[in-house]
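**Q** Take the position in the sequence shown, starting the count at 1, then add 1; the result is the number in the UniProt record's numbering.
Glycine included, every Cβ here is placed at the ideal spot set by N, Cα and C.
From a predicted model like this one, the values you see are computed outputs, not experimental measurements.
One structure, pasted below without further comment.
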Amino acid sequence: TKKMNNIIEPSSGQEKPHFVLVPLFAQGHMIPMVDFGCLLAARGALVTIVTTPVNTTRIKSFVDCANADGLVIRLAELQFPCAEVGLPEGSENVDLVMETEKIDKFFLATSMLTEPLVAYLRQQWPKPTCLVSDSSNPWTRDVARELGLLRFIFHGPSCFFLLCSHNVHEYASSGDVPGDFFQPFFVPGLPQKIEVVRVQALRFFDYPGWEKFLEQKTEAEATADGHIINTFRELESPFLDLYQRALGKTIWHIGPVSLSNKKPEDAIFRGDKTIAEEAQRISNWLDAKDTASVIYVSFGTIVSNSPSHTLEIGTGLEASNRPFIWVIKQWDITPEVEKWLPELEERTRSRGLILKGWAPQVTILSHPSVGAFLTHSGWNSTLEAVSLGVPMITWPHLTDQFLNENLVVKVLQTGVALKPQMKTPSVLRESEGLISREDVELAIEAVMDEGEEAHARRQRAKQLAIEAKRAMEPDGSSYQSLTLLIQHVLDTAVTVSDTDPDPDPNPNSDCKDA
Ligand code: UDP
């Protein structure tokens, strides 16, 4: 195993920490969890990532790359019980279960991994020390309890969202939060005035029909040994302090985890496919464009746009007269879209690149030719743009995306809203007319123009990127936070193994020199 710098060596009597990571099987949750695994492994921890056959195909090349670099990351592949819950075979990731009525089956199937995971982990050597579970996997509480493991919650969204949605819930009956879901109010308990409507500030799973799941999730969070958030102190300092106080638990801020992808090929292999050739083609295309001139447009992995909204985006991009890369997900390419898309492609051929399906997002955002990112404000996309200094145009569609928009536009001031004051969640296909080509054109102008305001916005974005990189460097805030997490696990796990009734050292371990 290649010797790496910055490894945290256990002191005598301490085992090397073995982290078991249990992501939610959704791209926006698996990608940061795998990045987090790489960060842990680079600091000398053993890492096991729980996966299923379909999900393995998405992360394997990335994990292989990391292992070839000397990290020790194992994949614990469990069979996903589709048939048992009545899901079609292969429905192992949220983006493969897009019909809303089936999503509860997906979560049921996920929770059925409890026993297989316990059985799998019992056979592992070195023994697992702790479990890091996505906040949407409350069932992992039983796994950790069964095996006597420390358990930490890994949050997908921003601390700002977690705090705001927590406060809105806490103050719900105080009179500070209106009962009406569409009436504007200021989020209580924040250092600055942030206006929302309630439907934009709900906690994850705070929806009708999910009461029991939300209760289990809240319970699992309240009983965890601490929380981990993909953010950095310089970005969310007041919100980290307030949320930590509200939780009464330690929060480790360890991001932006996407900056763990130091080599270009790391960034390419994240996510769905090995698209090295495609990434090269895109890079060549970007090389031929002026610095900070290209608008990158992508809406993450879950949200869908109606055909009319897709048309408005396309014609808005055309009207902007600026170069663009526009990623359209397969399920947004309806027969209607298929009809007019080739014509638009033809008209914008000299300056537009339309990518269908999956794009190497971090590779694109890293390129100096990219000048702005029209995003749905998913937290990973937001943080990737922050860490690469790219100003944003925000069009949130659902869940935490509305508050992420507020963070970017009002707090950090590194983006503009595509449509300020939009109050309706736009995830529903039938919600039409929310944005127009003029909105797209105006927002692009606002971000890209040469005026003072746009210039100051770009400067702020650049400054944040510098701070993000610094946070991840040795002795930066996130680096130190990760050190403290690993140290905490080492110190606390000694206590756990002291009380372990069945220490079972296996001298034939193939990982003892890892
Ligand atoms: N992503 C990507 N290529 C795509 C679409 C998405 O690499 O074509 C990545 C993106 O870089 C981010 C993640 O997928 O890391 C999406 O997460 P986010 O939280 O932004 O949105 P979600 O998909 O969860 O709504």
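For the ligand UDP, any of its heavy atoms closer than 8 Å to the Cβ of proline 361?
**A** As a working mapping, residue 361 is identified with position 360 in the sequence shown. Yes, the Cβ of proline 361 comes within 8 Å of a heavy atom of the ligand UDP.
**Q** Does the Cβ of tryptophan 396 lie closer than 8 Å to at least one heavy atom of the ligand UDP?
**A** Within the sequence shown, numbered from 1, the residue matching residue 396 stands at position 395. The answer is no for tryptophan 396.
**Q** Comparing C-alpha positions only, which one of Val198, Pro129, Asn94, Glu171 sits nearest to phenylalanine 182?
**A** The sequence position of residue 182 within the sequence shown is 181, counting from 1. The residue with the shortest Cα to Cα distance from phenylalanine 182 is Val198.
**Q** Taking 8 Å as the limit between beta carbons, can you name the residues of its chain near proline 129, skipping five residues before and five after?
**A** One-based indexing of the sequence shown puts residue 129 at position 128. Excluding residues within five positions, the ones whose Cβ falls inside 8 Å are His19, Phe20, Val21, Thr49, Leu122, Leu148, Leu150.
**Q** Near leucine 72, what residues of its chain come up, given a Cβ to Cβ distance below 7 Å and the 5 sequence neighbours on each side ignored?
**A** As a first step, residue 72 must be located in the sequence shown, where it is residue number 71. Within the same chain, leucine 72 has close Cβ partners Cys39, Ala42, Ala43.
**Q** Applying the 10 Å Cβ sphere with the 16-neighbour rule, what's the burial state of arginine 59?
**A** Locating residue 59 in the sequence shown gives position 58, counting from the first residue. Buried.
**Q** Starting from the N-terminal side, write out each stretch of the alpha helix (DSSP H) that is 4 residues or longer and does not extend beyond the region 112-166.
**A** 115-123, 141-148
**Q** When you compare the region 225-237 with the region 453-461, are there three or more beta-carbon pairs, one atom per stretch, that lie closer than 8 Å?
**A** no
**Q** Within the same chain, show all residues whose beta-carbon is closer than 6 Å to that of threonine 251, passing over the 5 residues directly before and after it, in chain order.
**A** Counting from 1 along the sequence shown, the entry for residue 251 is found at position 250. Excluding residues within five positions, the ones whose Cβ falls inside 6 Å are Gly227.
**Q** Below 8 Å on the Cβ atoms is my guess for leucine 132 versus leucine 79; work out the distance and round it to an integer in Å.
**A** The count along the sequence shown starts at 1 and reaches residue 132 at position 131. The count along the sequence shown starts at 1 and reaches residue 79 at position 78. So it is not a contact: roughly 14 Å between Cβ atoms.
**Q** Would you say the beta carbon of histidine 377 is closer than 8 Å to some non-hydrogen atom of the ligand UDP?
**A** Your numbering for residue 377 matches position 376 in the sequence shown. Histidine 377 Cβ: within cutoff of the ligand UDP.
**Q** So, under 8 Å CB-CB, valine 371 and valine 391 are touching, yes? Tell me the CB distance rounded to an integer number of Å.
**A** On the sequence shown, position 370 is the one that residue 371 refers to. On the sequence shown, position 390 is the one that residue 391 refers to. The pair is a contact, with the Cβ atoms about 6 Å apart (cut-off 8 Å).
**Q** Given 8 Å as the limit, tell me if valine 371 has its C-beta closer than that to any heavy atom belonging to the ligand UDP.
**A** Counting from 1 along the sequence shown, the entry for residue 371 is found at position 370. Valine 371 Cβ: outside cutoff for every heavy atom of the ligand UDP.
**Q** Looking at the secondary structure, which residues open and close the beta strand (DSSP E) in which histidine 254 lies?
**A** Counted from its first residue, the sequence shown places residue 254 at position 253. Taken as a continuous stretch (DSSP letters only), the beta strand (DSSP E) holding histidine 254 covers 252-254.
**Q** Using only alpha-carbon positions, find the residue among Arg323, Leu384, Thr493, Leu109 that is nearest to leucine 465.
**A** As a working mapping, residue 465 is identified with position 464 in the sequence shown. Closest option to leucine 465, Cα to Cα, is Leu384.
**Q** Between which residues of its own chain and phenylalanine 155 is the CB-CB distance below 6 Å, once the five residues before and five after are set aside?
**A** Numbered from 1 along the sequence shown, position 154 holds the residue referred to as residue 155. So the qualifying residues of the chain are Val133, Asp135, Ile229.
**Q** If we require 4 or more residues per run, which alpha helix (DSSP H) segments fall completely within the region 302-380?
**A** DSSP runs (the alpha helix (DSSP H)) wholly in the region 302-380: 308-321, 336-348, 362-367.
**Q** Kindly indicate which three-state DSSP category glutamate 451 falls into: helix, strand or coil?
**A** Residue 451 sits at position 450 when you count from the first residue of the sequence shown. Assigned with DSSP and collapsed to three states, glutamate 451 falls in coil, not helix or strand.
**Q** When DSSP builds the beta bridges, which residues end up paired with threonine 395?
**A** Mapped onto the sequence shown, residue 395 falls at position 394. Answer is Thr376, Ala418, bridged to threonine 395.
**Q** Going by DSSP, name the residue or residues bridged to threonine 493.
**A** In the sequence shown, residue 493 corresponds to position 492, counting from 1. Threonine 493 pairs with nothing; no bridge assigned.
**Q** The ligand UDP and glycine 381: does any heavy atom of the ligand fall closer than 8 Å to the residue's C-beta?
**A** As a working note, residue 381 is residue 380 in the sequence shown. Per the sequence shown, the amino acid found at residue 381 is asparagine instead of glycine. True, at least one ligand heavy atom lies under 8 Å from that Cβ.
**Q** By Cβ distance below 8 Å, which residues in the same chain neighbour valine 55 in space, the five residues on each side in sequence not counted?
**A** The residue labelled residue 55 in the question sits at position 54 within the sequence shown. Here the set comprises Phe81, Gly91, Glu93, Asn94, Leu97.
**Q** Here's a check: name, in chain order, each residue in its chain whose Cβ is nearer than 7 Å to the Cβ of proline 239, leaving out the five neighbours to either side.
**A** Here residue 239 is taken as the residue at index 238 of the sequence shown, counted from 1. Hits under 7 Å: Pro192.
**Q** Can you give me the start and stop residues for the alpha helix (DSSP H) that threonine 53 sits inside?
**A** Reading the sequence shown from its first residue, position 52 is the one you call residue 53. Counting along the chain, threonine 53 falls outside any alpha helix (DSSP H), and DSSP gives it neither H nor E.
**Q** Between the beta-carbon of lysine 103 and the beta-carbon of leucine 88, is there less than 9 Å?
**A** Walking along the sequence shown from the start, residue 103 turns up at place 102. Walking along the sequence shown from the start, residue 88 turns up at place 87. Yes, these two residues count as a Cβ contact at 9 Å.
**Q** State the beta-bridge partners of threonine 49 as determined by DSSP.
**A** The residue labelled residue 49 in the question sits at position 48 within the sequence shown. Threonine 49 pairs with Val21, Arg75.
**Q** Check whether the Cβ of alanine 469 sits closer than 8 Å to any heavy atom of the ligand UDP, and report yes or no.
**A** Here residue 469 refers to the residue found at position 468 of the sequence shown. Answer for alanine 469: no, Cβ out of range of the ligand UDP.
**Q** Determine the closest residue to serine 307 out of Trp327, Gln281, Val338, Arg204, with distance taken between C-alpha atoms.
**A** As a first step, residue 307 is located in the sequence shown; it is residue number 306 there, counting from the start. It is Val338.
**Q** Any heavy atom of the ligand UDP closer than 8 Å to the Cβ of valine 299?
**A** By 1-based counting over the sequence shown, the position of residue 299 is 298. It is worth fixing the name first, because residue 299 is serine in this sequence and not valine. Indeed, a heavy atom of the ligand UDP lies less than 8 Å from the Cβ.
**Q** When DSSP builds the beta bridges, which residues end up paired with serine 478?
**A** Along the sequence shown, one-based indexing puts residue 478 at 477. According to DSSP, serine 478 bridges with nothing at all.
**Q** Just reading off the beta strand (DSSP E) that valine 178 is part of, what are its end residues?
**A** If you number the sequence shown from 1, residue 178 lands on position 177. Valine 178 -> no beta strand (DSSP E), and no H or E assigned at all.
**Q** Less than 8 Å between the CB of glutamate 385 and some heavy atom of the ligand UDP, yes or no?
**A** Mapped onto the sequence shown, residue 385 falls at position 384. Checking the Cβ of glutamate 385 against the ligand UDP gives yes.
**Q** Quick check on the DSSP output: the alpha helix (DSSP H) that includes tyrosine 244 runs from which residue to which?
**A** For the purposes of this step, residue 244 is identified with residue 243 of the sequence shown, where counting begins at 1. It spans 234-248 - the alpha helix (DSSP H) in which tyrosine 244 sits, taken as one unbroken run.
**Q** Under 8 Å: do the region 307-320 and the region 342-351 share three or more Cβ pairs, one atom per stretch?
**A** yes
**Q** Between His368, Lys330, Ile329, Trp332, which has its C-alpha nearest threonine 292's C-alpha?
**A** Within the sequence shown, the letter at position 291 stands for residue 292. Residue His368 is the option with its Cα nearest to threonine 292.
**Q** Compare the C-alpha of serine 261 against each of Tyr480, Gly29, Ser12 and name the closest.
**A** As a first step, residue 261 must be located in the sequence shown, where it is residue number 260. Nearest of Tyr480, Gly29, Ser12 to serine 261, Cα basis: Tyr480.
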